[in-house]
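Trainee: To start, I am sharing the structure in question, which I have written as structure tokens.
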Amino acid sequence: MIDDLQPIKKLKGSDERLFTIKFYDKHLVSLNSENNDIPNFKNSLSESDKRVLAFAFFLSLLKHDERLDKKILVFDDPFSSFDEERKRDTIQLLADVKYENLGVEKKPLQKIILTHEKTFYRDVYLKSFSDSSTQTLKIDFDKVIDGINTSRIDYCNIDEEFPDDKIIAKIKRVKEIHDNQSYNEKYDGDCRVILENIFKRKYYFLLEDDIKSRKSVRTFTTSLEEKYPTEDYNKLLRLCNDLNIELHDNDSNPSNGDHGSILRDFFECIEII
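If you're matching positions, the sequence shown starts at 1 in UniProt numbering and goes up one per residue.
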């Protein structure tokens with residue numbers, strides 16, 4: 001727990017405060033102490049703990065910043081030494097940074113998150129930042145000039161850079177639902193992800209603009225209309241309707257027979273694509 005909250009004496013009139021952290025209700029560790037013979041942040045906390053506390057204090061400042069909507073925030077590798085549980089929590093904290101007071105809500109003008117860890121890059125994007133306003137970038141090798149390697153900033157396609165090995169597992173799961181007729185289990189979300197994955201890998205260059213615009217299976221199908229016979233094209237569109245892909249007002253309630261037909265069409269459409 002945080003204890004001993006008081007103004008820093010040497011900064012009169014400042015909003016800054018001096019903290020000590022109390023461990024086990026009796027051990028006080030000071031944030032700033034010139035005496036190394038007593039416990040303080042420098043000689044008592046691990047590097048990971050220091051990073052966590054610094055990050056927490058920074059987020060607290062942002063939460064109370066009335067001018068947050070005028071600021072661009074840069075987070076430089078905020079996950080590097082965190083354990084898995086902290087990383088998940090941190091991703092959510094990054095997504096939710098805002099100022100709130102008396103019904104007024106302000107969000108940062110822009111957030112820039114830098115990381116060298118690929119798995120966390122993917123997690124940050126997929127879990128909290130996958131809307132159309134997010135730009136995913138990477139630093140790539142460009143060329144050699146006078147014996148020096150130079151770099152460039154490129155667009156980063158998440159699915160290409162970080163292939164999802166879970167696709168096969170999703171296909172197997174949907175097949176089991178179909179074979180066992182266990183239609184009480186939801187499958188439409190997995191079907192959409194599988195179809196998107198196949199389209200992107202087979203037709204990436206033809207669908208590059210649609211992919212960058214965060215489009216899905218229905219748009220991919222219409223963009224590739226000329227590649228399919230009319231019967232196959234119509235079957236793909238019907239499947240989009242049945243799976244409610246890019247269609248938010250479909251309130252149909254399929255019967256077991258309908259479920260079987262939809263999944264049969266799904267596996268046929270995989271072969272068509």
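Cβ coordinates follow ideal geometry from the N, Cα and C atoms, glycine included.
Predicted model, so just to flag it, every value in this text is computed and none were measured.
#1: Have a look at the DSSP bridge pairing and note the partners of residue 233.
#2: Mind listing, in chain order, the continuous beta strand (DSSP E) runs of no fewer than 3 residues lying wholly within the UniProt domain "Protein CR006 P-loop" (41-178)?
#3: Considering only their Cβ atoms, is the gap separating residue 69 from residue 107 smaller than 8 Å?
#4: Secondary structure at residue 223, three-state DSSP: helix, strand or coil?
#5: Do residue 270 and residue 202 have their C-beta atoms within less than 8 Å of each other?
#6: Within a Cβ cutoff of 8 Å, which residues of the same chain sit near residue 175, ignoring the five residues on either side of it in sequence?
#7: For residue 100, count neighbouring C-beta atoms within 10 Å of its own C-beta (all shown protein chains included) and say buried if the count is 16 or more, exposed if not.
#8: Quick one: residues in its chain with C-beta nearer than 7 Å to the C-beta of residue 199, no 5 flanking neighbours on either side, listed in chain order?
#9: Please state the DSSP three-state secondary structure of residue 275.
#10: If you count every other CB in all the chains shown that lies within 10 Å of the CB of residue 119, and 16 or more means buried, which is it?
#11: Could you tell me whether the stretch 133-141 touches the stretch 154-174, where touching means 3 or more Cβ pairs closer than 8 Å?
#12: Taking 8 Å as the cut-off, does the stretch 230-238 touch the stretch 179-194 (at least 3 CB pairs, one atom from each stretch)?
#13: Just curious, the alpha helix (DSSP H) that residue 261 is in, first and last residue?
#14: What distance in whole Å lies between the Cβ atoms of residue 115 and residue 77, which are believed to be in contact at a cut-off of 8 Å?
#15: Looking at residue 38 and residue 75, is the spacing between their C-beta atoms short of 8 Å?
#16: Could you have a look at residue 196 and say whether DSSP puts it in helix, strand or coil?
#17: Does the distance from the C-beta atom of residue 52 to that of residue 91 stay below 8 Å?
#18: Would you mind giving the Cβ-Cβ distance between residue 132 and residue 44, rounded to the nearest angstrom? I have them listed as a contact below 8 Å.
#19: Residue 145 and residue 167: beta carbons closer than 8 Å?
#20: Where does residue 215 fall in DSSP's three states?
#21: Buried or exposed: where does residue 126 fall if 16 or more other Cβ atoms within 10 Å of its Cβ makes it buried?
#22: Could you compute how far the alpha carbon of residue 265 sits from the alpha carbon of residue 98?
#23: Would residue 162 and residue 117 qualify as a contact pair, given that the criterion is a beta-carbon distance under 8 Å?
#24: Is it right to say residue 190 is buried, meaning 16 or more other beta carbons lie within 10 angstroms of its own, or is it exposed?
Mentor: This is what the structure gives:
#1: The partner list for residue 233 (beta bridge, DSSP) is empty, contrary to what the question assumes.
#2: If only uninterrupted beta strand (DSSP E) runs of at least 3 residues are considered, those enclosed by the UniProt domain "Protein CR006 P-loop" (41-178) are 72-76, 99-101, 104-106, 110-114, 137-145, 148-155.
#3: The answer is yes: Cβ separation under 8 Å.
#4: In the displayed model, residue 223 falls within a helix according to three-state DSSP.
#5: With respect to residue 202, residue 270 sits apart: the two C-beta atoms are not nearer than 8 Å.
#6: The answer, listed in chain order, is 267.
#7: Residue 100 counts as exposed, since fewer than 16 other beta carbons sit within 10 angstroms of its beta carbon.
#8: Closer than 7 Å at the Cβ level, and outside the excluded window around residue 199, lie 207, 217, 220, 273.
#9: Outside the modelled stretch of the chain, which goes from 1 to 273, sits residue 275, for which no answer is possible.
#10: Exposed, since its Cβ has fewer than 16 Cβ neighbours within 10 Å.
#11: As far as the Cβ criterion goes, the stretch 133-141 touches the stretch 154-174, which means the pair count is three or higher.
#12: Look at the beta carbons and you see the stretch 179-194 not touching the stretch 230-238: under three pairs across the two are nearer than 8 Å.
#13: First-last of the alpha helix (DSSP H) with residue 261: 256-272.
#14: Between residue 115 and residue 77 the Cβ distance is about 5 Å, and since that is below 8 Å, they are a contact.
#15: It is not a contact, given that the beta carbons lie outside the stated cut-off.
#16: Three-state result, residue 196: helix.
#17: Going by beta carbons, residue 52 and residue 91 fall outside the 8 Å limit.
#18: Contact flag wrong, Cβ pair sits at about 46 Å.
#19: The Cβ atoms of residue 145 and residue 167 lie no closer than 8 Å to each other.
#20: In the structure shown, residue 215 falls within a coil segment according to DSSP collapsed to helix, strand and coil.
#21: By the Cβ neighbour-count rule, residue 126 is exposed, with fewer than 16 other Cβ atoms within 10 Å of its own.
#22: Each residue's alpha carbon lies about 45 Å from the other.
#23: Cβ atoms of residue 162 and residue 117: not closer than 8 Å.
#24: When all chains shown are included, residue 190 counts as buried.
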